[in-house]
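Structure first, then comments.
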């Protein structure tokens, strides 16, 4: 747990606060947590009150001996944005100790592979078209000796008075992100990093996310909706360098 939190705090710093594992109270306030969703959006007063208990600067971690410390009594830590990727890496560590030379590990959509499929074919990963009204594959990526994580806003949302609110809540404003990304796919050497960066992209928004990706040399592919009902896709320099597209 301490190792995962340490990586989360590192990503918080690298993303200028976009990735924040303490954002849970805001997610819950907006009805994307265990509390049932209300028919209206939260009041600004309620958002401000929740923001008081949010912030990675209120969380400290120590690795030896492992420990967490919070400097605000109401602070909560939700590792769902990075723990699945960490779980993939833990499984990979076991397979590596058992000297497997080829594997495909997937937990909740987060993937890490090594080697090839039986017969020498590359592992093929489908990236979903970010549409809420259908399920289809937008592209297929060959993946070997890398991890891939994809986050999206096209499944988990609600609408009030004709406006759509995504489940990605900004830890800075307390509101759903205003520059929405339909999906963010990230390639990395390990799955915890890919998982966390994908969430950071969703939280930062399209334009700011691209700036962060280039600054940190993150391999990201961002997709956002356009006014004509289609999608715009942009790959960071690192993603274009690392991605292997047999079909696109």
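Residue numbers (our numbering): 1035 to 1282. Don't be surprised by glycine CBs; every beta carbon is placed ideally from N, CA and C.
Boundaries for residue 1217: no alpha helix (DSSP H) harbours it, while the beta strand (DSSP E) harbouring it runs 1217-1222, taken from the DSSP string.
Note on geometry: alpha-carbon atoms of residue 1160 and residue 1079 lie some 43 Å from one another.
CA-to-CA, the gap between residue 1039 and residue 1223 works out to about 18 Å.
Taking C-beta separations shorter than 8 Å and ignoring five residues to either side along the sequence, the partners of residue 1275 in its chain run 1253, following chain order. Judged by DSSP in its simplified three-state form, residue 1184 adopts strand. The beta-bridge partner set that DSSP reports for residue 1138 consists of 1147.
DSSP places residue 1240 within a helical segment (H, G or I) once states are collapsed to three. According to the DSSP assignment, residue 1273 belongs to the alpha helix (DSSP H) that extends over 1271-1276. Nearest to residue 1113 by alpha-carbon distance, out of 1045, 1129, 1084, 1157, is 1045. Fully enclosed alpha helix (DSSP H) runs of no fewer than 4 residues occupy 1058-1063 of the stretch 1037-1081, in order along the chain.
With respect to the C-alpha of residue 1055, the residue from 1250, 1230, 1259 having the closest C-alpha is 1230.
At least 9 Å separates the beta-carbon of residue 1097 from that of residue 1104.
According to the DSSP assignment, residue 1117 belongs to the alpha helix (DSSP H) that extends over 1117-1131.
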